[in-house]
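Visitor: Those protein sequence lines, which keep their order, are chains V and Z.
The first sequence begins at 48 in our numbering and counts up by one.
The second sequence begins at -18 in our numbering and counts up by one.
There's a structure below that I have some questions on.
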Amino acid sequence: MPEAVHHHHPALAHHFDDLEQQKEAATLGMWVFLVTEVLFFGGLFLVYTVYRAWYSEAFAVASHELDVTLGTINTAVLITSSLTMALAVHAAQLGQRRLVIIFLVATMALGAAFLGIKSIEYYHKFTEHHVPGPSFAFEPHEYARHAQIFFSLYFIMTGLHALHMVIGLGIMTWMLWWAWRGTITAEYYSPIEVSGLYWHFVDIVWIFLFPLLYLIGRHVH
Amino acid sequence: MSTEHVVPTRVYYTIFGILMLCTYLTVQIAVFDLGPLNTIAALVIAVLKATLVVLFFMHVKYSTRLTWAVVLGSVFWLGIMLALTMSDYLTRAWMTFG
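Dropping the structure here:
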């Protein structure tokens, strides 16, 4: 059908019938990837569940050492970044290039703020000797061994989450570039939509990490 | 079955408000000693928040049935992993017979 070729949108890949089908395939593909991510983090949550069931008292005491204020602020920061991400997708759907750029920059700024706050928390943990390893120290001493397991999980889970944030910032930089040069239009916005799915997923992981790591020891004195 | 569904921004602002409120609630509830209910309350709120993000921010509410199947599939397989593993770990102490 040479006639049809003539009307092709430049972003339409040849193996799709139309942009609608291409967008559905992209969304589905990202969701399939997110399933693997759910099970990846799911494995870590499983380890957490097993150890917490075994050493619940030590976990509560160790959790009490985390900074709830900074954790709460970071939760708010990440939820706000999800809002600006959703608004960026919304602007992309309507072809509002300026707004897409503004909301993407806002999302990246909030993501960077999250990582900044996280690094302050990590710094405190280093100075308090709560980083697992030879210099690990914990009071009261009888909980030290099991508290070290808690802090191992804390660093692995929040560390991998932070790595996802860094990758997310990289993706957003890429999207910012595409929005800037005009690749993103009302007809072709699926790159922003699909990047948004990734960003929201990382937010969801934090929604579970926050109460399970920061809040389980709050009622313990 | 068009996926070209533009959600009004007021929906996003409403969901954002609920998510913030839930965050406040989960922090406040954690101060009280409710025994095992602490963890249950925290998880119920977290699941509610995650569901809202998936349905509205991630547009699953407006997506195709195939997307729904994939999303529910991830929860289902996660459930299998958690349930079967915990049914082992949590029942090891029961092995006093034999």
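By construction, the Cβ of each residue, glycine as well, lies at the ideal position given by its N, Cα and C atoms.
Computed from a predicted model, the values in this text were never measured in an experiment.
Looking at C-alpha atoms only, which residue of Ile231/V, Phe257/V, Tyr245/V and Leu256/V is the closest neighbour of Leu66/V?
Guide: Considering only alpha carbons, the answer is Ile231/V.
Visitor: From Tyr201/V to Leu260/V, what does the alpha carbon distance come to, in whole angstroms?
Guide: Their Cα atoms are separated by approximately 7 Å.
Visitor: Can you name, in chain order, every residue of its own chain whose Cβ lies under 7 Å from the Cβ of Ile203/V, other than the five neighbours on each side?
Guide: Leu91.
Visitor: I want to see whether chain V comes within less than 8 Å of Ser44/Z, judged by CB atoms only; does it?
Guide: True, the Cβ-Cβ gap to chain V drops below 8 Å.
Visitor: Indicate the three-state DSSP secondary structure (helix, strand or coil) for Ile263/V in the structure shown.
Guide: Ile263/V falls in the coil class under three-state DSSP.
Visitor: Nearest-angstrom Cα distance between Ser242/V and Lys42/Z?
Guide: The straight-line gap from Cα to Cα measures roughly 18 Å.
Visitor: What residues from chain V crowd round Phe13/Z, counting only those whose CB sits closer than 7 Å?
Guide: The answer, in chain order, is His266.
Visitor: So Val79/V and Val51/Z are supposed to be a Cβ contact under 8 Å. How far apart are they, rounded?
Guide: 6 Å between Cβ atoms; contact.
Visitor: Write down every uninterrupted run of the alpha helix (DSSP H) in the segment 68 to 150 of chain V whose length is 4 residues or greater and which is fully enclosed by it, in chain order.
Guide: Whole alpha helix (DSSP H) segments, 4+ residues: 103 to 110 and 115 to 140.
Visitor: DSSP on Arg228/V, reduced to helix/strand/coil?
Guide: In the structure shown, Arg228/V sits in coil (DSSP, three-state: anything other than H, G, I, E or B).
Visitor: Counting only beta-carbon atoms, is Ser68/Z nearer than 8 Å to chain V?
Guide: Not one chain V Cβ lies under 8 Å of Ser68/Z.
Visitor: Report the residue from Val97/V, Leu93/V, Ile120/V and Pro181/V whose alpha carbon sits nearest the alpha carbon of Gly60/Z.
Guide: Ranking the options by Cα distance to Gly60/Z, first place goes to Leu93/V.
Visitor: Going by the CB atoms, is the gap between Leu33/Z and Ile126/V shorter than 8 Å?
Guide: Contact flag unset, no.
Visitor: Are there three or more Cβ pairs, one per stretch, closer than 8 Å when the segment 181 to 199 of chain V is compared with the segment 103 to 118 of chain V?
Guide: Touching, per the Cβ criterion.
Visitor: Measuring only the C-alpha atoms, how far is Tyr70/Z from Phe88/V?
Guide: When rounded, the distance between both Cα atoms is 19 Å.
Visitor: Pick helix, strand or coil for Met332/V, following the three-state DSSP scheme.
Guide: It is not possible to answer for residue 332/V, since the shown part of chain V is limited to 48 through 268.
Visitor: For the structure I just gave you, are there three or more beta carbon pairs, one from the segment 204 to 224 of chain V and one from the segment 155 to 162 of chain V, closer than 8 Å?
Guide: Yes, the segment 204 to 224 of chain V touches the segment 155 to 162 of chain V.
Visitor: So, is the C-beta of Leu6/Z closer than 8 Å to a C-beta in chain V?
Guide: Cβ-Cβ to chain V under 8 Å: no for Leu6/Z.
Visitor: Along the chain, where does the alpha helix (DSSP H) that runs through Gly(-2)/Z open and close?
Guide: Gly(-2)/Z -> alpha helix (DSSP H) spans Thr(-10) to Ile10.
Visitor: Between the segment 238 to 258 of chain V and chain Z, which residues of the former have a C-beta closer than 7 Å to a C-beta of the latter?
Guide: Correct list: Leu244, His247, Asp250, Ile251, Ile254, Phe255 and Pro258.
Visitor: Pick out whichever of Ser103/V, His62/V, Ala72/V and Leu256/V has its Cα sitting closest to the Cα of Thr122/V.
Guide: Among Ser103/V, His62/V, Ala72/V and Leu256/V, the Cα nearest to that of Thr122/V is on Leu256/V.
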